[in-house]
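K.L.:
So the sequence lines, in the order shown, correspond to chains A and B.
Note that this note's numbering numbers the first sequence so that position 41 is 188, with each residue one more than the last.
Note that this note's numbering numbers the second sequence so that position 40 is 42, with each residue one more than the last.
Think of the CB as a built atom: it goes at the ideal place given N, C-alpha and C, for glycine as much as any other residue.
All values reported here derive from a predicted model rather than from experimental measurement.
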Amino acid sequence: MGRRITYREALREALREALQADPRVFLMGEDVGRYGGTYAVSKGLLDEFGPERIRDTPLSELGFVGAGIGAALGGMGPIVEVMTVNFSLLALDPIVNTAAMLRHMSGGQFSVPIVIRMATGAGRQVAAQHSNSFEGWYAHVPGLRVLAPATVEDARGMLALALADPDPVLIFEHAQLYNLETELPDDPIPALDICSARVRRPGTDVSLITHGGSLPKVLQAAQELAGLGISGEVIDLRVLRPLDDATLMASVRKCRRALVVDESWRSGSLAAELMARITEQAFFDLDAPPARVCSEEVPIPYARHMEEAALPQVPKIVAAARALFGSTP
Amino acid sequence: MRQRQALTACFFGEGAMAEGAFHEAANLAALWQLPVLYCCENNLYAMGTALARSESQTDLCVKAASYDMATVRVDGMDVVAVHEAVQGAAQQVRATGRPVFLELQTYRFRAHSMFDPDLYRDKAEVEAWKTRGPIHTFTARLKAQGSLTEEEFLALDAAAQAEVDAAVAFAEAGNWEPVADLLRDVYTPQGSA
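Shown next as structure tokens:
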């Protein structure tokens, strides 16, 4: 038996399950309680679990992420919701200098089992300061595990695995995905991991590598490419740190062409890292230089047509993939 | 949340009171009634910047009190006063379940680090504070009240020096950490959690 469920509902189910399974688990963040979550992910959980475990915080990212780290060290299972990645910049110090480095700084005495969730990405006309995609920055930092659930299944299944991880785990939920709806089996929940990339659409001619909110666009592009006689293999990274090189290279060696699609800016980006790895590890298997589609290097504009022009879109992805084959694929 | 009787003692210098982190943490601790003992070691200089050059309000207890938090100020150079103040403040945290802010007024005799030429304060100021050095004044007090003889003091001093010498010798005789361990403490090894 299956059922229709949204990405948002899947996240809420995962939260509910975690809160029921372990009394040490609690959720805190701005407006997670009475408001029901900025993206309505935690709606209803306050009534179910009470204000101790569904804890509204002041606007204090630096303070409450730090408090979450303290709770993790004290034996609790904190899930900290930072409303969006934009505001997580106010908590870079506790995330990077404390959570990611405490195990190193303490000579292995202290692990920090915190889970930090946040929305990321653009596409909703909320202007530059609310439209960033900084998950790649966090993927730069040793000591962190960085997840980007792009499917309802991953939204449902990644949280429990993140909570079981003894080290800090960041979960990036692209704001465009919350309304994504799919059929999920009722029971059992499909077995997942938080270390591997997945092939979301098999193909033979070009590896289309992406994550998070760009996955639906890349799947759409692959569909259009198929109509043009190009078989795209869509790889969903799922885990941005550590990267699953084996799955990536197996696909690239098979297809001999690679296109990376990443909503962040191209300079110094995760896309740059992926292309470097492909070049390092699969150079002699390539029939064309690796390519990428990223956001234009501007703050993401407010006006709809300008925002659309700044972000990776299906036609750009299709064109970039076709260019890998020269004029006649 | 786990109803334990533990309290958290949080140490920082007066320089950190200009950080947003202090204010966010103080607000959360008071708002959520967390058992935190804030121990601010006020040595008057944040590296080289004097308190009055970095804070609009130099009375640190006033700043902390604005979060509806009890505050205690103590002469951090007086060993007995510090002992009593910390004991009292810790008792208050345990009894009320609320945070207490403790300002320990003290001084740094040496430069901030090996790279600090110590050009931002008067030598006379440093010398004046040295006369209040807690080891010196506490020893004098114990001797004056007959609780400590010169021989006992010298024996304690020698024992402390010997302990430090032994620790240094142990470290000097040790092996450097093998480079093979370079990546050891980045992530928790599987199965050890």
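(1) Would you mind reading off the limits of the alpha helix (DSSP H) that contains A/Trp412?
(2) Say whether chain C places a C-beta atom closer than 7 Å to the C-beta of A/Ser207.
(3) I think B/Ala66 touches B/Tyr40, with their Cβ atoms under 8 Å apart; what is that distance to the nearest whole Å?
(4) Give me the Cα-Cα distance between A/Leu372 and A/Val381, rounded to the nearest whole angstrom.
(5) Please go through the same chain and pick out, in chain order, the residues whose beta-carbon is closer than 7 Å to the beta-carbon of B/Asn29, but skip the five residues on each side of it.
(6) Kindly indicate which three-state DSSP category A/Ser442 falls into: helix, strand or coil?
(7) Quick check: A/Ala466 and A/Pro437, are their CB atoms within less than 7 Å of each other?
(8) Let's test the definition: count the other Cβ atoms within 10 Å of the Cβ of A/Tyr182 and tell me whether it reaches 16, buried, or not, exposed.
(9) Tell me, please, whether the CB atom of A/Gln167 is closer than 7 Å to any CB atom in chain B?
(10) Tell me the rounded alpha-carbon separation between A/Pro476 and A/Ile377.
(11) Secondary structure at A/Met252, three-state DSSP: helix, strand or coil?
(12) The segment 247-266 of chain A: which residues have C-beta closer than 8 Å to a C-beta of chain B, in chain order?
(13) On the three-pair Cβ rule with 8 Å, is the segment 193-201 of chain A touching the segment 158-178 of chain A?
(14) Measuring only between beta-carbons, confirm whether A/Pro313 sits less than 7 Å from chain B.
(15) For B/Asp103, does the three-state DSSP call read helix, strand or coil?
(16) So, A/Ala309 versus A/Gly268, is the Cβ gap smaller than 7 Å?
(17) At a cut of 8 Å, does the segment 68-85 of chain B reach the segment 132-148 of chain B through at least three beta carbon pairs?
(18) Check whether the Cβ of A/Pro225 lies closer than 7 Å to any Cβ atom in chain B.
(19) Nearest by alpha-carbon distance to A/Ala286: which of A/Thr185, A/Ile242, A/Glu328 is it?
(20) Using the beta-carbon of each residue, which ones in chain A are nearer than 7 Å to B/Gly22?
(21) Name, in chain order, the residues that DSSP records as bridge partners for A/Thr267.
(22) Quick check on DSSP: helix, strand or coil for A/Ser354?
(23) How is B/Val41 classed by DSSP in three states: helix, strand or coil?
(24) What are the residues of the segment 189-201 of chain A that lie near chain B, defined by any Cβ-Cβ distance shorter than 7 Å?
(25) Rounded C-beta distance between A/Arg250 and A/Ser258? I'm assuming under 8 Å.
(26) Taking 7 Å as the threshold (C-beta atoms), are A/Leu324 and A/Gly360 in contact?
(27) Roughly how many angstroms lie between the CA atoms of B/Gly17 and B/Leu46, to the nearest whole one?
(28) Applying the criterion that 16 or more other CB atoms from any shown protein chain within 10 Å of the CB defines a buried residue, is A/Gly191 buried or exposed?
(29) Between B/Asp120 and chain A, is any beta-carbon pair separated by less than 7 Å?
(30) Name the DSSP beta bridge partners of A/Pro332, please?
(31) Cβ of A/Glu420 versus every heavy atom of the ligand FAD: is any distance shorter than 6 Å?
(32) Chain A partners of B/Asp187, CB-CB under 8 Å?
(33) Leaving aside the five residues before and after A/Thr357 along the sequence, list all residues of the same chain whose C-beta is less than 6 Å from its C-beta, in chain order.
(34) Give me the chain A residues within the contact set of B/Leu30, using Cβ-Cβ distance strictly less than 9 Å, ordered along the chain.
P.N.:
From the atom records:
(1) Looking at the DSSP string, A/Trp412 is not in any alpha helix (DSSP H); the run it does join, the beta strand (DSSP E), is 405-412.
(2) Checking the listed chains, one finds no chain C in this structure; the protein chains it contains are A and B.
(3) Right, the Cβ-Cβ distance comes to about 7 Å (below 8 Å), so this counts as a contact.
(4) If you draw a straight line from the Cα of A/Leu372 to the Cα of A/Val381, it comes to about 12 Å.
(5) Tyr69
(6) strand
(7) no
(8) exposed
(9) no
(10) Reliability fails at A/Pro476, whose pLDDT of 45 lies under 50, so the model's placement of it is uncertain and the value that follows must be treated cautiously. Each residue's alpha carbon lies about 7 Å from the other.
(11) helix
(12) Arg250, His251, Ser253, Gly254, Gly255, Ser258, Pro260
(13) At 8 Å Cβ cutoff, the stretches touch.
(14) yes
(15) Residue identity differs from the one stated: residue 103 of chain B is Phe in this sequence, not Asp. The answer is strand: DSSP assigns B/Phe103 an E or B state.
(16) Taking 7 Å as the Cβ cut-off, A/Ala309 and A/Gly268 do not qualify as a contacting pair.
(17) The segment 68-85 of chain B is in contact with the segment 132-148 of chain B.
(18) So, not an interface residue.
(19) The candidate whose alpha carbon is nearest that of A/Ala286 is A/Ile242.
(20) Leu209
(21) A/His321
(22) DSSP places A/Ser354 in the strand class (E or B) of the three-state scheme.
(23) According to the sequence shown, residue 41 of chain B is Cys rather than Val. In this structure, B/Cys41 counts as strand in the three-state DSSP scheme.
(24) Glu199
(25) 5 Å
(26) A contact, by the Cβ cut-off of 7 Å.
(27) 8 Å
(28) exposed
(29) no
(30) A/Gly149
(31) What this structure holds is no ligand at all, so the ligand FAD is not there to describe.
(32) Residues of chain A with a Cβ closer than 8 Å to the Cβ of B/Asp187 are, in chain order, Arg250, His251, Ser253, Gly254, Gly255.
(33) Val365, Val408.
(34) Thr204, Pro205, Ser207, Gly210, Phe211, Gly213, Ala214
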